[in-house]
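Report on the following structure.
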Amino acid sequence: MSRGDRAAASGNLSTSMRDNYREFGVSEYYKKVGSTYRNPHFPGVRLCLFTWLNKWWQMEYDGIKKHEKLSIFDMACGIGEVTLACLEWQRTGRNFYCSLTEQHGNAQSKYQGQSITVHQRESDTTPPALGSDFPQLHVTAADPFTSAAYYNRTALPCSPLSFKDISEGALPPLASSESPVGESSLYGSNDERGVLSRSNPPIEMVICSFALHLVESPSELFSLLWELSLKARWLVVLAPHKRPEIKEGWGWSKWNVDAWQGSRMQDNIGELLHDRPVVLNIQEALKLNDCFGLGYVVVCIKA
Numbered sequence: 293m294s295r296g297d298r299a300a301a302s303g304n305l306s307t308s309m310r311d312n313y314r315e316f317g318v319s320e321y322y323k324k325v326g327s328t329y330r331n332p333h334f335p336g337v338r339l340c341l342f343t344w345l346n347k348w349w350q351m352e353y354d355g356i357k358k359h360e361k362l363s364i365f366d367m368a369c370g371i372g373e374v375t376l377a378c379l380e381w382q383r384t385g386r387n388f389y390c391s392l393t394e395q396h397g398n399a400q401s402k403y404q405g406q407s408i409t410v411h412q413r414e415s416d417t418t419p420p421a422l423g424s425d426f427p428q429l430h431v432t433a434a435d436p437f438t439s440a441a442y443y444n445r446t447a448l449p450c451s452p453l454s455f456k457d458i459s460e461g462a463l464p465p466l467a468s469s470e471s472p473v474g475e476s477s478l479y480g481s482n483d484e485r486g487v488l489s490r491s492n493p494p495i496e497m498v499i500c501s502f503a504l505h506l507v508e509s510p511s512e513l514f515s516l517l518w519e520l521s522l523k524a525r526w527l528v529v530l531a532p533h534k535r536p537e538i539k540e541g542w543g544w545s546k547w548n549v550d551a552w553q554g555s556r557m558q559d560n561i562g563e564l565l566h567d568r569p570v571v572l573n574i575q576e577a578l579k580l581n582d583c584f585g586l587g588y589v590v591v592c593i594k595a
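So this is what it looks like as structure tokens:
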């Protein structure tokens, strides 16, 4: 479910997503192209997520390293751009760590954790070295229209849950370490999540790329975001503009990624150009280079 107004890539019906939505409606359009849909914004999505994940790991290292597993929910996943970017970030970071240990011999203790994360990056978009202290990353995904295309692209399962289903409490099964691509898969049922806790949510972050702005009803958006706030710590929204508007009291607080602290929803601080995105622990606008076809990234943290 997504995704901006740029010319559509192959597999889509028209050269304009806006024309597609106008002619068919959002739901009917994705029903027609669900198995062949292609998102032209993947380079921008990848850039944004690499920048966010770098900053998140750098600033949250002490807490993250205590976990054995970290769960990411790719909501309205399309053909898996978010999933692929997250898994590539982890794989690249691990490969970088291995190359450092080979260069420096017995570097398991010498190159642990944040020292590498902070100082061994070429840029904000280059994944850091991820050693054994980085938990296993697991990705779950849901999209009511593009499950087949997602599986074809990632070799991973995709739940057919809609925004409405999620707002009513449904989630994909939790992730396990078994996977066709050696990175992630799904197992179990919702019952295996146990008791939900706002202080210890089962999902580290929900990422929604070029889709959340399609929830046009404020009441439906509130229901969705509130439900997610009960189950996830971070919300990362990628969109072609500053919509949707996330309001105070909807379960999330805006986060200034540069200062790594909360801010008011109406504040415009934290906007970054080109490859320096800003993350809001639930919502902060992040301006990127137009050549990537991407508008804003909003990151929020549970209130």
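All the letters of the sequence shown, read from the start, carry residue numbers 293 to 595 under the numbering used here. Just so it is clear, CB atoms sit at the ideal spot from N, CA and C, and this is done for glycine as well. This structure is a prediction, so every number in the text was calculated from the model and none was measured.
For this session: Output yes or no for whether 8 Å exceeds the beta carbon distance between residue 389 and residue 355.
Result: Locating residue 389 in the sequence shown gives position 97, counting from the first residue. Locating residue 355 in the sequence shown gives position 63, counting from the first residue. Not in contact: residue 389 and residue 355 (Cβ atoms no closer than 8 Å).
Exercise. Any idea if residue 543 is buried or exposed, counting beta-carbon neighbours within 10 angstroms, 16 or more meaning buried?
Worked result: The residue labelled residue 543 in the question sits at position 251 within the sequence shown. Burial call: buried.
For this session: Below 8 Å CB to CB, which residues in the same chain sit around residue 488 once its five sequence neighbours on both sides are set aside?
Result: To locate residue 488, count along the sequence shown from 1; it is residue 196. Residue placement at residue 488 cannot be trusted, given a pLDDT of 43 that sits under 50; the coordinates are not used to answer.
Exercise. Are residue 364 and residue 499 closer than 8 Å when you measure CB to CB?
Worked result: As a first step, residue 364 must be located in the sequence shown, where it is residue number 72. As a first step, residue 499 must be located in the sequence shown, where it is residue number 207. It is a contact, given that the beta carbons lie within the stated cut-off.
Exercise. Near residue 368, what residues of its chain come up, given a Cβ to Cβ distance below 6 Å and the 5 sequence neighbours on each side ignored?
Worked result: Translated into positions along the sequence shown, residue 368 becomes position 76. So the list reads 293, 435, 500, 503, once near-sequence residues are dropped.
Exercise. Looking at residue 529 and residue 590, is the spacing between their C-beta atoms short of 8 Å?
Worked result: Along the sequence shown, one-based indexing puts residue 590 at 298. Along the sequence shown, one-based indexing puts residue 529 at 237. Yes, they are a contact pair.
Exercise. Any idea if residue 385 is buried or exposed, counting beta-carbon neighbours within 10 angstroms, 16 or more meaning buried?
Worked result: As a first step, residue 385 must be located in the sequence shown, where it is residue number 93. Buried, since its Cβ has 16 or more Cβ neighbours within 10 Å.
For this session: Closer than 8 Å by C-beta to residue 600: which residues in its own chain qualify, once you throw out the five before and the five after it? Chain order, please.
Result: Outside the displayed span of the chain (293 to 595) sits residue 600, for which this structure offers no information.
For this session: Find the nearest neighbour of residue 536 within the set 592, 429, 387, 443, judged by alpha-carbon distance.
Result: Residue numbering aside, residue 536 sits at position 244 when the sequence shown is read from its first letter. Nearest C-alpha to residue 536: 592.
For this session: Would you list the residues sitting across from residue 367 in a DSSP beta bridge?
Result: Within the sequence shown, residue 367 is the residue found at index 75, counting from 1. Answer is 434, 500, bridged to residue 367.
Problem set entry | Euclidean distance between Cα positions of residue 382 and residue 421 | If you number the sequence shown from 1, residue 382 lands on position 90. If you number the sequence shown from 1, residue 421 lands on position 129. Approximately 9 Å between the Cα atoms of the pair.
For this session: Could you say which of 335, 360, 546, 509 lies nearest to residue 380 if we only look at CA atoms?
Result: Position 88 of the sequence shown holds residue 380. Closest option to residue 380, Cα to Cα, is 335.
Exercise. What are the residues that DSSP puts in a beta bridge with residue 548?
Worked result: Here residue 548 is taken as the residue at index 256 of the sequence shown, counted from 1. In the DSSP output, where bridge partners are listed per residue, residue 548 has 553.
Problem set entry | When 452, 393, 358 are compared against residue 425, the one with the closest alpha-carbon | Locating residue 425 in the sequence shown gives position 133, where the first residue counts as 1. For the residues 452, 393, 358, the minimum Cα distance to residue 425 belongs to 358.
Exercise. Skipping 5 residues on each side, what residues in its chain have a beta carbon closer than 6 Å to that of residue 360?
Worked result: The residue given as residue 360 occupies position 68 in the sequence shown. The residues are 427.
For this session: Use the C-beta contact count for residue 510: other C-beta atoms within 10 angstroms, 16 or more gives buried, fewer gives exposed.
Result: Stepping through the sequence shown from its first residue, residue 510 is reached at position 218. Exposed.
Exercise. How about residue 516 and residue 437: are their beta carbons less than 8 Å apart?
Worked result: As a working note, residue 516 is residue 224 in the sequence shown. As a working note, residue 437 is residue 145 in the sequence shown. No. Outside cutoff.
Exercise. Which of helix, strand or coil does DSSP assign to residue 471?
Worked result: Here residue 471 refers to the residue found at position 179 when the sequence shown is read from its first residue. For residue 471, the predicted model reports a pLDDT of 41, less than 50, meaning its position is unreliable; a value from the coordinates is still stated below. Residue 471 falls in the coil class under three-state DSSP.
For this session: Give me the Cα-Cα distance between residue 376 and residue 366, rounded to the nearest whole angstrom.
Result: One-based indexing of the sequence shown puts residue 376 at position 84. One-based indexing of the sequence shown puts residue 366 at position 74. Straight-line Cα distance between these residues: approximately 10 Å.
For this session: Would you mind sorting residue 548 into buried or exposed? The rule is 16 or more other CB atoms within 10 Å of its CB.
Result: If you number the sequence shown from 1, residue 548 lands on position 256. So residue 548 counts as buried.
Exercise. Between which two residues does the alpha helix (DSSP H) harbouring residue 525 extend?
Worked result: The residue given as residue 525 occupies position 233 in the sequence shown. Where residue 525 is concerned, there is no enclosing alpha helix (DSSP H), although the beta strand (DSSP E) it sits in stretches over 524-531.
For this session: Have a look at residue 465 and residue 351 and give me their C-alpha separation to the nearest angstrom.
Result: Counting from one through the sequence shown, the residue named residue 465 turns up at place 173. Counting from one through the sequence shown, the residue named residue 351 turns up at place 59. Residue 465 and residue 351 have their C-alpha atoms spaced approximately 29 Å apart.
Exercise. Cβ of residue 372 within 8 Å of Cβ of residue 445?
Worked result: For the purposes of this step, residue 372 is taken as residue 80 along the sequence shown, with counting starting at 1. For the purposes of this step, residue 445 is taken as residue 153 along the sequence shown, with counting starting at 1. For residue 372 and residue 445, yes; Cβs fall inside 8 Å.
Exercise. Anyone know if the C-beta pair for residue 559 and residue 546 falls short of 8 Å?
Worked result: Working through the sequence shown from its first residue, we reach residue 559 at position 267. Working through the sequence shown from its first residue, we reach residue 546 at position 254. Contact flag set, yes.
Exercise. Would you report the Cα separation of residue 514 and residue 393, rounded to the nearest angstrom?
Worked result: What you label residue 514 is simply residue 222 of the sequence shown in a count that begins at 1. What you label residue 393 is simply residue 101 of the sequence shown in a count that begins at 1. Residue 514 and residue 393: Cα-Cα distance of roughly 47 Å.
Exercise. If residue 448 sits next to residue 362, beta carbons under 8 Å apart, how far is it from one beta carbon to the other, in whole angstroms?
Worked result: Locating residue 448 in the sequence shown gives position 156, counting from the first residue. Locating residue 362 in the sequence shown gives position 70, counting from the first residue. About 16 Å; that fails the 8 Å criterion.
For this session: Compute the distance between the beta-carbons of residue 512 and residue 461, then report whether it is under 8 Å.
Result: For the purposes of this step, residue 512 is identified with residue 220 of the sequence shown, where counting begins at 1. For the purposes of this step, residue 461 is identified with residue 169 of the sequence shown, where counting begins at 1. Cβ atoms of residue 512 and residue 461: not closer than 8 Å.
Problem set entry | Integer Cβ distance of residue 451 from residue 433, believed to fall under 8 Å | Translated into positions along the sequence shown, residue 451 becomes position 159. Translated into positions along the sequence shown, residue 433 becomes position 141. Contact between residue 451 and residue 433 holds: CB atoms are separated by about 7 Å, below the 8 Å threshold.
For this session: Below 6 Å CB to CB, which residues in the same chain sit around residue 453 once its five sequence neighbours on both sides are set aside?
Result: Along the sequence shown, one-based indexing puts residue 453 at 161. 434, 462.
Exercise. Does the beta-carbon distance from residue 526 to residue 557 come in below 8 Å?
Worked result: For the purposes of this step, residue 526 is taken as the residue at position 234 of the sequence shown. For the purposes of this step, residue 557 is taken as the residue at position 265 of the sequence shown. The answer is no: Cβ separation not under 8 Å.
For this session: Using DSSP bridges, identify the partner residues of residue 429.
Result: As a working note, residue 429 is residue 137 in the sequence shown. Under the DSSP definition of a beta bridge, residue 429 partners with 362.
Problem set entry | Reference residue 531; option with closest CA among 506, 541, 550, 594 | Within the sequence shown, numbered from 1, the residue matching residue 531 stands at position 239. Closest option to residue 531, Cα to Cα, is 506.
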